[in-house]
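S.K.:
Number of protein chains: 2
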Amino acid sequence: MRKVERQRIIRQLLDEHDVEKQEDLVALLDHADIKVTQATISRDIKDMQLVKVPSPSGGYRYSLPAQQAMDTEKKLKRTLYDAYVSLDVQDYFIVLKALPGNGTAIATLIDQMNFDGAFGTIGGDDTVLIIAKSADDAQHLYQTLLDLLEQ
Amino acid sequence: MRKVERQRIIRQLLDEHDVEKQEDLVALLDHADIKVTQATISRDIKDMQLVKVPSPSGGYRYSLPAQQAMDTEKKLKRTLYDAYVSLDVQDYFIVLKALPGNGTAIATLIDQMNFDGAFGTIGGDDTVLIIAKSADDAQHLYQTLLDLLEQ
DNA sequence: GCTGAATAAAAATTCAAA
DNA sequence: TTTGAATTTTTATTCAGC
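First to last, the protein sequences are chains W and G. Residue numbering for the first sequence is 1375 to 1525, as defined by the numbering used here. Residue numbering for the second sequence is 1375 to 1525, as defined by the numbering used here.
What follows is the structure, given as structure tokens:
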């Protein structure tokens, strides 16, 4: 009945108001004639993966999820979809070829993905070199990237 | 124990361990012979803008700031301030040494800075290798980084 | 300024119920 | 499965001291 809609409203409220604590949400929802207790808000926050962010100016603010990893993966997939040319593995190294101008961006995204077994990444104009911690890691990373390309 | 160093260690601990509550950090730091109380950790968390992220699998986890309000240069300066060890230039290359665990992050930040004359950056655990497009570019980049360190 | 001890405040969970 | 009331647990702050 209620939970999904309440959570949708919570998202809007977070956008429109400074929410410093869960009781603030209880009060804001009350204004919208939605009566819930702090316990329910606590559960919603867990459900929705909201975070309480300390603000530099002192105080705290609840905010929408930090899906950094998801966003990066999405960006990487899209960039690869647009610019991918080839992928090869040899020893500790993976070489990804892309359309000119895309190497640095892809390298940065791969870095941000923090792949297991990746030692470092270097991006040129149309080439990305990924150095793995071992040849095994390189093979595994190669497969991970192939999987990413197929999705 | 200085605050800055403790906070640097906290960053590393967050990377290496699942920290579900502030007392976990108190215990982890205690293990490293750093005695602080929960009150201090609470203040550190506010300082560092760490967030307690609800995990989909239930439970919570403290993590580094999701959407850092800081721009890349500020982040880079702060990271270098905390983790910088040395900087050297030779031919096309600049080698930056940092405290263990910081190489990849610094490399990514330097990449994101899009410095003129930088060809690519590779970050290991405690070393960052910056490859310039020419020896002149390397010299110039070296000076740019030194300037950044002095600010 | 930075910190710990004590405390207040806030958030998470338990339990019973719908 | 969802919820509120009560409770426990966790976190933030106050206050004193350094």
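Glycine included, C-beta positions come from ideal geometry on N, C-alpha and C. Keep in mind the model is a prediction, meaning the values are calculated, not measured.
Write down the C-beta distance between VAL1425/G and VAL1410/W rounded to the nearest angstrom, noting that I regard them as a contact closer than 8 Å.
M.R.: Not a contact, Cβ separation roughly 23 Å.
S.K.: Using a threshold of 8 Å, state whether the C-beta atoms of ALA1512/G and VAL1463/G are closer than that.
M.R.: Yes, Cβ-Cβ distance for ALA1512/G and VAL1463/G is below 8 Å.
S.K.: Looking at LEU1503/W and PHE1532/W, is the spacing between their C-beta atoms short of 8 Å?
M.R.: Since the first residue shown for chain W is 1375 and the last is 1525, residue 1532/W is missing from the structure and cannot be characterised.
S.K.: With DSSP as the reference, label SER1508/W as helix, strand or coil.
M.R.: Correct three-state label for SER1508/W: coil.
S.K.: What did DSSP end up calling LEU1424/G once you bin it into helix, strand or coil?
M.R.: If DSSP states are grouped into helix, strand and coil, LEU1424/G belongs with coil.
S.K.: What does the alpha-carbon distance come out to for the pair ALA1413/G and GLN1386/W?
M.R.: Their backbone Cα atoms lie some 33 Å apart in a straight line.
S.K.: Could you list which residues in chain G have their beta carbon closer than 8 Å to that of PRO1573/W, in chain order?
M.R.: Here chain W covers residues 1375 to 1525 and nothing more, so residue 1573/W does not appear.
S.K.: Residue range of the beta strand (DSSP E) that ASP1465/W falls in?
M.R.: That residue, ASP1465/W, is in no beta strand (DSSP E); it is neither H nor E in DSSP.
S.K.: Under the three-state reduction of DSSP, which class applies to GLN1442/G: helix, strand or coil?
M.R.: Low confidence applies to GLN1442/G: its pLDDT is 47, below 50, so where it sits in the model is not reliable, and the reading given next is rough at best. In this structure, GLN1442/G counts as coil in the three-state DSSP scheme.
S.K.: I'd like to check one pair, ARG1452/W with ASP1394/W: are the Cβ atoms closer than 8 Å?
M.R.: The sequence as given places Glu at residue 1394/W; Asp does not occur at that position. No. Outside cutoff.
S.K.: For the segment 1420 to 1431 of chain W, list every residue whose C-beta sits within 9 Å of some C-beta in chain G, in sequence order.
M.R.: Within the segment 1420 to 1431 of chain W, the residues whose Cβ lies closer than 9 Å to some Cβ of chain G are LYS1420, ASP1421, MET1422, GLN1423, LEU1424, VAL1425, LYS1426, VAL1427, PRO1428, SER1429 and PRO1430, listed in chain order.
S.K.: What residues from the segment 1479 to 1496 of chain G come within 7 Å of chain W, judged by C-beta to C-beta, listed N to C?
M.R.: Against chain W - using a Cβ distance shorter than 7 Å - the residues of the segment 1479 to 1496 of chain G are ALA1481, THR1482, ASP1485, GLN1486, PHE1493, GLY1494, THR1495 and ILE1496.
S.K.: Between ASP1485/G and THR1501/G, is the Cβ-Cβ spacing less than 8 Å?
M.R.: Cβ atoms of ASP1485/G and THR1501/G: not closer than 8 Å.
S.K.: Along chain G, in chain order, which residues have C-beta atoms closer than 8 Å to that of ILE1505/W?
M.R.: Per Cβ cutoff of 8 Å: ILE1496.
S.K.: Quick one: Cα of HIS1338/W to Cα of GLN1396/G, how far?
M.R.: With chain W covering 1375 to 1525 only, the question about residue 1338/W has no answer from this structure.
S.K.: Exposed or buried, what is ARG1382/G when buried is set at 16 or more other beta-carbons lying within 10 Å of its beta-carbon?
M.R.: Counting Cβ neighbours within 10 Å, ARG1382/G comes out buried, since at least 16 surround it.
S.K.: What does a CB cutoff of less than 7 Å around ALA1479/G pick up in its chain, not counting 5 residues either side in sequence?
M.R.: The answer, listed in chain order, is THR1453.
S.K.: Near LEU1438/W, which residues of its chain fall below 7 Å by C-beta distance, leaving aside the five closest residues on each side in sequence?
M.R.: Excluding positions up to five away in sequence, the list reads ARG1385, LEU1388 and LEU1424.
S.K.: I'd like to check one pair, ALA1492/W with ALA1481/W: are the Cβ atoms closer than 8 Å?
M.R.: No, they are not a contact pair.
S.K.: Excluding the 5 residues flanking LYS1449/W on each side, which residues of the same chain have their C-beta closer than 8 Å to its C-beta?
M.R.: Only LEU1483 meet the Cβ criterion.
S.K.: Can you tell which of GLY1432/W, SER1429/W, ARG1417/W and LEU1470/W has the C-alpha that lies nearest to the C-alpha of SER1429/G?
M.R.: The residue with the shortest Cα to Cα distance from SER1429/G is ARG1417/W.
S.K.: Only counting the same chain, and skipping five residues up and downstream in sequence, which positions put a Cβ closer than 7 Å to that of LEU1399/G?
M.R.: Closer than 7 Å at Cβ, skipping near neighbours: ILE1384, LEU1387, VAL1393 and ILE1415.
S.K.: Specify the secondary structure class of VAL1459/W as computed by DSSP and reduced to three states.
M.R.: The answer is strand: DSSP assigns VAL1459/W an E or B state.
S.K.: Considering only their Cβ atoms, is the gap separating GLY1475/W from ASP1499/W smaller than 8 Å?
M.R.: In contact: ASP1499/W and GLY1475/W (Cβ atoms closer than 8 Å).
S.K.: Please list, in chain order, all residues of the same chain as ALA1401/G whose beta carbon is under 7 Å from its beta carbon, the five residues on each side excluded.
M.R.: Hits under 7 Å: none found.
S.K.: On the DSSP bridge assignment, give the partners of LYS1471/G in chain order.
M.R.: Its beta-bridge partners are SER1460/G and THR1501/G.
S.K.: Helix, strand or coil, according to DSSP, for GLY1494/G in the structure here?
M.R.: Three-state DSSP puts GLY1494/G in a strand.
S.K.: Would you tell me roughly how many angstroms separate the C-alpha atoms of MET1487/W and GLY1477/W, rounded to the nearest one?
M.R.: Going from the Cα of MET1487/W to the Cα of GLY1477/W covers about 15 Å.
S.K.: Check whether the Cβ atoms of TYR1516/G and LEU1473/G sit closer than 8 Å, and answer yes or no.
M.R.: For TYR1516/G and LEU1473/G, no; Cβs fall outside 8 Å.
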